[in-house]
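Numbered per the working numbering, the sequence shown finishes at 182, counting up by one with no gaps.
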Amino acid sequence: MQPLRRLVPAFLSLGLVMPLMAQTPPAQPDLQKSYTEYALGKWAETQAETKGGSQYIEAALQHYTAAMAADPQSAFLASEMADLLSRLGRTTDAISLIQTAIQHHPDSIAAHTTLGEIYLRQLSRAPQPLTDANTQGALSAAIAEYKTLIQLAPK
Numbered sequence: 028m029q030p031l032r033r034l035v036p037a038f039l040s041l042g043l044v045m046p047l048m049a050q051t052p053p054a055q056p057d058l059q060k061s062y063t064e065y066a067l068g069k070w071a072e073t074q075a076e077t078k079g080g081s082q083y084i085e086a087a088l089q090h091y092t093a094a095m096a097a098d099p100q101s102a103f104l105a106s107e108m109a110d111l112l113s114r115l116g117r118t119t120d121a122i123s124l125i126q127t128a129i130q131h132h133p134d135s136i137a138a139h140t141t142l143g144e145i146y147l148r149q150l151s152r153a154p155q156p157l158t159d160a161n162t163q164g165a166l167s168a169a170i171a172e173y174k175t176l177i178q179l180a181p182k
């Protein structure tokens, strides 16, 4: 994931906003467009990881945004976008997006898993020893997310 980290500064200036989950959903989501855009976004993300290059990250973000626009109520798509944003260092955007998805889909295992992973990523960047004070609450938040996952999928 090193190529993604090097490209973070370029994308912090993009100012992408994630209001898609809060929009009124279309009468019928365009699943074909959503799946196509997701697949293209995943491909671009993979290219960014293997080859580097900001054009791939920009493409991934654009394709994921288009996929979410075609199916704005998809917790899975929000999870994928939030995961990418988190890996790019845009933790605040990632948490905001995935918390909105959880509000709409409180039983989504994908959304809770992604939020837990985002908090774990925050913990990996925090100074040792890990406490709630030096992790801005990420420690207790990660524990809470994994407790929720245990309740949702006990096995």
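We put the CB at the ideal spot given by N, CA and C, even for glycine.
In the DSSP assignment, find the unbroken alpha helix (DSSP H) run with residue i in it and report its ends.
i: K69; result: L58 to K78
i: K174; result: A165 to L179
i: G143; result: I136 to R152
i: H132; result: That residue, H132, is in no alpha helix (DSSP H); it is neither H nor E in DSSP.
Could you pull out every residue in the same chain whose Cβ sits closer than 7 Å to the Cβ of residue i, ignoring the five residues on either side in sequence?
i: A97; result: P56, D57, K60, S61 and E64
i: A87; result: G68, A71, E72, A75 and L111
Exposed or buried, what is residue i when buried is set at 16 or more other beta-carbons lying within 10 Å of its beta-carbon?
i: Q155; result: exposed
i: G164; result: exposed
i: T118; result: buried
i: I145; result: buried
i: L179; result: exposed
i: I129; result: buried
Please work out which residues of its chain come closer than 8 Å, Cβ to Cβ, to residue i, disregarding the five sequence neighbours upstream and downstream, and give them in chain order.
i: S167; result: D159
i: I170; result: none
Starting from the C-beta of residue i, find all residues in its chain whose C-beta is less than 6 Å away, skip the five residues before and the five after it, and write them out in chain order.
i: A109; result: A121, L124, I125 and T141
* For the segment 94-124, which segments carrying the alpha helix (DSSP H) assignment without a break, of at least 4 residues, lie completely within its bounds, in sequence order? -> 102-114
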